[in-house]
Structure formats: structure tokens, C-alpha cells
Amino acid sequence: MNLWTESKFLDGIIKLASELKSPTTEKISKTLQLEHRDVACFCEELRDKGYLALLPISTKGGYRGQEYIVTVTNKGLNFLLTEGGFKRQFFNRALDQSWKLVKIFAAVANSIAILVLSYLSYDFQKQKDERELKLKEQELTIKRQDADAARLKDSTERILLNKQRQMDSIQNVHKELLKKLKKSTDDLQKSPFA
34 MNLWTESKFL DGIIKLASEL KSPTTEKISK TLQLEHRDVA CFCEELRDKG
84 YLALLPISTK GGYRGQEYIV TVTNKGLNFL LTEGGFKRQF FNRALDQSWK
134 LVKIFAAVAN SIAILVLSYL SYDFQKQKDE RELKLKEQEL TIKRQDADAA
184 RLKDSTERIL LNKQRQMDSI QNVHKELLKK LKKSTDDLQK SPFA
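34 is the number of the first residue of the sequence shown in the working numbering; add one for each residue after it.
Next comes the structure, spelled out in C-alpha cells:
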């Protein structure tokens, strides 16, 4: 017998004991359609908890067990009517178990979320670090290329300056040669052999 069914029977026994006139375990057994020995056992359990008072009638031989006149105590009525009885206790236990499962599930989900967020944070930081490293490498490459361009510019300026000097030098030599050629030509014309 499962706990829910047992809870219903225990509450039914207390309820019938309060409603029936001169309730006995036999009458309760017939009303609930339970074996007499089961009802007697449940009644003894309820007596031990203080919810029922049992007055033995007679001992019937065999398998049926003791016959009792059943009386509900004030504690039993209060338990059934105010506290909701065994069905309410069963419901509360089931609710507590469900709540525990929900809390366990929430804790597991929370742990998984923390792990996922930690991984995402780590991955984001790793990607950020990689981007910063690439950016620094690019900046370094740009600086190197700027330095190379500056060296090329200086080399080009020096080459142009040297070329200009060579051109100036060639022009000066050319002028000197022209002067000498003119002087030679003038000297030749002035010479008596001309």
C-alpha cells in the first residue's frame, strides 16, 4: 500500500470514528472495504499516536485480530479538522520533497550557469588579449614600416643631393671647358697662322 492510500485510510478511520454511532473496527472495515486486521492495525497505530481511544470488545479467534470500539480523541479531531490529517501531512512531505528537488535542480543550474559564464568570460578575455596582441604587432609593423620609409626618404634625399652636386659639378666642368674652348678658339684666331 502506498503512502497516499495509507494516508486516506488513516484519515478515513478518524473521520468514521467521529461520525458513526458506536463505531467499531468491524463497521469501519466494512465502510472502507478493508480487511479487519488492517483496520485494527491502523487503529492501534492511531491509538499509539494519541488520535484514537480503543476499547477492546472481545477477542475473535483466528486471523481477524482484536475487535475494538473506536473513539476519537480531541487530539485526533484537531489533527483531522485543523491540521488536515494524514493526507495533508503526505501533501506537505511531497511538497517538501518537490521543493528539495527544485532547490537541487536550481543549484545544479546555477552551477552550470556559473561554469558557462566563467568559460565565456575566460574566452572573451582570451579573444581580447589576442586582439590586443595583434594590434600591438600591427602597431610595431607600422612603426617599422615608418622607420623604413624615413630611411628610404633620407637615402633618396641624399641620392638626389649627390645627383644635384654631380650635375652642378658637371655643369661647372662644362662651363670651364667652354671657357677654355673659347679661349683656345680666340687664341687661335689671334694667332698669326690663322
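All C-beta atoms in this analysis are idealised placements derived from N, C-alpha and C, irrespective of residue type, glycine included. Because the structure is a prediction, the values reported are computed rather than measured.
- Contact holds between the stretch 109-119 and the stretch 38-52, because three or more Cβ pairs, one in each stretch, are under 8 Å apart.
- With fewer than 16 other CB atoms across the displayed protein chains lying within 10 angstroms of its CB, residue 220 is exposed.
- The stretch 56-134 contains, as complete alpha helix (DSSP H) runs of 4+ residues, the segments 58-65, 69-82 and 107-114 (chain order).
- The count of Cβ pairs closer than 8 Å, one atom from the stretch 69-88 and one from the stretch 36-46, reaches three, so the stretches are in contact.
- In the structure shown, residue 34 adopts coil according to DSSP, grouped into three states.
- Distance from the CA atom of residue 205 to the CA atom of residue 177, rounded to whole angstroms, is 41 Å.
- Counting every other CB atom within 10 Å of its CB across the protein chains shown gives residue 225 a total below 16, marking it as exposed.
- Pairing residue 76 with residue 58 gives a Cβ-Cβ distance under 7 Å.
- Ranked by Cα distance from residue 34, the options 60, 71, 56 and 55 are led by 71.
- Here residue 103 really is in contact with residue 61; their C-beta atoms are around 7 Å apart, less than 8 Å.
- Rounded to whole angstroms, the separation of the alpha carbons of residue 166 and residue 125 is 60 Å.
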